[in-house]
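Read through the structure below, which is laid out as structure tokens, and then see the notes.
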Amino acid sequence: MAPAPFQLIIFDCDGVLIDSEIISARMLIAALADRGVRIDLPYVARHFLGRSYPVVMQTIRQDFGLDLPPAFEEDYRERLLEGFRQGLKVIPHVGAVLDDLGTPWCVATSSSPRRAEMSLTLVGLWPRVAERLYTASQVARGKPAPDLFLHAAARMGADPARTLVIEDSLTGIEAARAAGMQVWRFTGGSHMGADLPEEPPEARPHFRFASFAQFFQIAPDLRRQG
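With positions in the sequence shown counted from 1, the corresponding number in this note's numbering is that position plus 261.
Here it is in structure tokens:
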């Protein structure tokens, strides 16, 4: 028998499973404005999408010469939690796709374990994910380095060359390509504009799709059989 096309599917979390990126961006813009730092949504998308909180703080330090105090993180996370409570939603059709997958899968995110669990719990996905979650806190280098995806594949017992990554951010796409994995870009999150600029060569996905309702039409062999 011919081998299955993929041994593992790795999903990013924010902007792929949950429609959180637009909320996170707005909360960060507001929190930084209180500290005198003025940024907009395009700046957030360009510099922060798919990156961990320490990398975001490093970028603020480099671009604005500002060292934010520990209290800033606590304030931002409180704003974010309230924003999530009021408006966080699961990406449409994600739950059905996860339930019907016949290929092993996991989640690899730049979010902290606490934030990932909290946000997935709010939208009802945590029972499905739970032990399948891998975060940037488990590796030396976060995205766009390949470390997190390679770590997830190793823990799941999968060959990187036979691993499919579902990502939304250029940072994540670059990390997946660096790991030698195939990567599809999901473009259906609220933070995505109608006209996406062409990705740079190092962050160019192998495929793009805008709705998880299309997932098994695109890849019917990934659906559970029987």
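Where is the CB? At the ideal position from N, CA and C, for every residue including glycine.
Which value, in whole angstroms, describes the spacing of the CA atoms of residue i and residue j?
i: F345; j: G450; result: 15 Å
i: R296; j: M453; result: 27 Å
i: L483; j: I427; result: 13 Å
i: M288; j: R340; result: 6 Å
i: G326; j: Q347; result: 33 Å
i: Y304; j: E282; result: 13 Å
i: A369; j: A480; result: 21 Å
Beta-carbon within less than 8 Å of residue i's beta-carbon, same chain only, minus the 5 sequence neighbours each way: which residues are those?
i: A263; result: Low per-residue confidence applies at A263: pLDDT is 42, beneath 50, and the placement is therefore not dependable, though the value from the model is reported in the following sentence. No residues qualify anywhere along the chain.
i: Q486; result: G363
i: H354; result: S472, F473, A474, F476
i: E378; result: W387, L394
i: A306; result: A286, H452
Residue i and residue j: beta carbons closer than 7 Å?
i: F476; j: V298; result: no
i: G403; j: S313; result: yes
i: R469; j: R446; result: yes
i: A401; j: I271; result: no
i: L381; j: V390; result: yes
i: P466; j: V444; result: yes
i: A397; j: L269; result: no
With a threshold of 6 Å on Cβ separation, who are the neighbours of residue i within its own chain once the five nearest residues in sequence on each side are excluded?
i: F309; result: V317
i: P405; result: T432, E435, A436
i: L302; result: A286
To which residues of the same chain is residue i closer than 7 Å at the C-beta, ignoring the five residues directly before and after it?
i: I300; result: I290, L293
May I ask you to list the residues that DSSP assigns as paired with residue i?
i: D275; result: I279
i: A369; result: Y395
i: E428; result: R446
i: L362; result: R484
So residue i and residue j are supposed to be a Cβ contact under 8 Å. How far apart are they, rounded?
i: R438; j: E463; result: 7 Å
i: S371; j: G441; result: In fact, because the Cβ distance is near 20 Å, the residues do not count as touching under 8 Å.
i: I279; j: I352; result: 6 Å
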